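Once you know that position 321 of the sequence shown is 1758 in our numbering, the rest is easy, because the numbers rise by one and skip nothing.
Glycine included, every Cβ here is placed at the ideal spot set by N, Cα and C.
Just so you know, these numbers come straight off a predicted model, no measurement behind them.
Report on the structure given below.
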Amino acid sequence: MSRVSDKTFRALAEEPANAEAAAELNGLQLRHRVALLRGVVEEADAADHPDAGPASAAYTALLELEAAAPAAVGQVLHHPAVSAWAWRTFLSLRARGPERPSRLGAVTLAAAIASGGACRVHVPLDDEGRLMVPSLGRLSLGTASAEIELEAEGRRLRAHGRRIDVDLGADGPGWQILHRIRVGDGFEIVLDDLDPYRWPEPGRVTPRIDPAGLPAWRDLLPQAWSVLRETHPAVAEEIVAMVRAITPIAAPPEGVSSASARETFGAIAMSVPRGSATWLAETLAHEIQHAKLDALMHFVPLVRYERTDSYYAPWRPDPRPAHGLLQGAYAYLGVSEFWQRQHPREGLRGRVELARWREGVRRVLDTLEDEQLLNHVGMNFVEGMRTRLGDVLAEPLDDEALAAAERAAADHKAAWLARNGRSDR
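Structure representation (structure tokens):
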């Protein structure tokens, strides 16, 4: 089963949450990320790219910094935008595209700042003379040069004879920080509103958050964390194991938007939080399910990708292919388990959520199996999901909640049919 252990595979399928399994996935993703960085250097050299020398030197310095301070440098390498940049650059080199492999120097610079180490790197700047230092912040160097050589001794930088002192807790001359949200229990999340590689869909991200917008994040995230720690502690432990950043994205006309993406493993994209802490906690519980399955499917295919038909999903406005069906079913199984634990505190609305989503998951698992959309490994995985679903379906609910859930589901299906113009299996 590739590099994922049998124990972790079973835990991901059969258990609502398992921090040990989440940590294994996180470790696998980190090793993959380091391999991607090495791949960027090798591809640049093979292509005889002008950046091959600076990229190789940056990679060597990065390895030296990691050997001296693995924990501090590991925090930089875990940052989701590092993976996104490395993957895009690797593909760009193979296609003779525009990405610059010497941007690896920015990763090395971040590692030096975070660890208190030293380095000298040659890096490209953007059109405004800025350099993103992933996981930490953005430098504005006030130069028209397209490239620059930077020296770092911990948080003290020099470039073109100019000195910049980096404060990781506040903006300063030539420096903007990535804010960190302390959510509780010593756990903090980077709020990444600067990195150009922070999300695969640039059109969805929002600009830099102004100071007036920060309280919405700093107030509601710790409240949601309290909900998770009190009633869903195993889910909270998974989030600690896997999530490193939140990427602000544009809000929908109503409610809150959230998403996860394989390219930026470790990040949750989210519009400005609003409403109750419980609903934000549900969003986090939802997205950690997506993150786990994305990480697993990176190494272990579960669906038959040759099957290109699309099908009805009770939580989407559009038809979904096999992998989208499985992703949704896995996420909403986690949501159903969230409401199974949470509904005694939430009243009718919580019971309706439980009733609606557990039935939606059952229906989609039926579709995956009846339409033979899963490979052999995927069938074993869904068998484990069925065990979890059985526990959720056994939760007794009142007729009022069941009827309300049925109405909501019927309304969704009717709207889906009107929008898509066909029935579905």
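Note on the stretch 1463–1511: there is no whole beta strand (DSSP E) run with a minimum of 3 residues.
Per DSSP, the continuous alpha helix (DSSP H) segment holding Ala-1551 begins and ends at 1541–1552.
With fewer than 16 other beta carbons inside 10 angstroms of its own, Asp-1656 counts as exposed.
In summary, His-1597 is exposed, with fewer than 16 beta-carbon neighbours lying within 10 Å of its beta-carbon over all protein chains present. Taken atom to atom, the span from the alpha-carbon of Met-1569 to that of Leu-1541 is near 11 Å.
Of Trp-1853, Leu-1499 and Ala-1492, the smallest CA-CA separation from Arg-1537 is found for Ala-1492. Rounded to the nearest angstrom, the gap between the Cα atoms of Glu-1837 and Leu-1721 is 28 Å.
The secondary-structure analysis by DSSP pairs Met-1569 across a beta bridge with Arg-1575.
Between Ala-1472 and Leu-1502, the CB-CB gap reaches or exceeds 8 Å.
The stretch 1820–1838 makes no contact with the stretch 1718–1736: fewer than 3 CB pairs, one atom from each, lie closer than 8 Å. Glu-1590 and Ala-1732 have their alpha carbons spaced roughly 35 Å apart.
Residue pairing by DSSP places Phe-1624 opposite Gly-1621 in a beta bridge.
Excluding its 5 nearest sequence neighbours in each direction, Ala-1498 has C-beta neighbours in its own chain below 6 Å: Thr-1545 and Cys-1556, listed in chain order. The residue from Val-1664, Ala-1750, Arg-1699 and Asp-1803 with its alpha-carbon nearest to that of Phe-1775 is Val-1664.
It is roughly 8 Å from the alpha-carbon of His-1735 to the alpha-carbon of Arg-1699. When the Cα atoms are used, Gly-1703 and Gly-1784 turn out to be separated by approximately 33 Å.
Taking Ser-1577 as the centre and dropping the five residues before and after it, the same chain places the C-beta of Glu-1565, Gly-1566, Arg-1567, Gly-1611, Trp-1612 and Gln-1613 closer than 8 Å to its C-beta, in chain order. Of Val-1627, Pro-1637, Trp-1716 and Ile-1676, the smallest CA-CA separation from Ile-1683 is found for Val-1627. Closest in C-alpha terms to Pro-1633, from the list His-1669, Ser-1442, Pro-1517 and Val-1693, comes Pro-1517. Per DSSP, Ala-1846 lies in no beta strand (DSSP E); the unbroken alpha helix (DSSP H) holding it starts and ends at 1836–1857.
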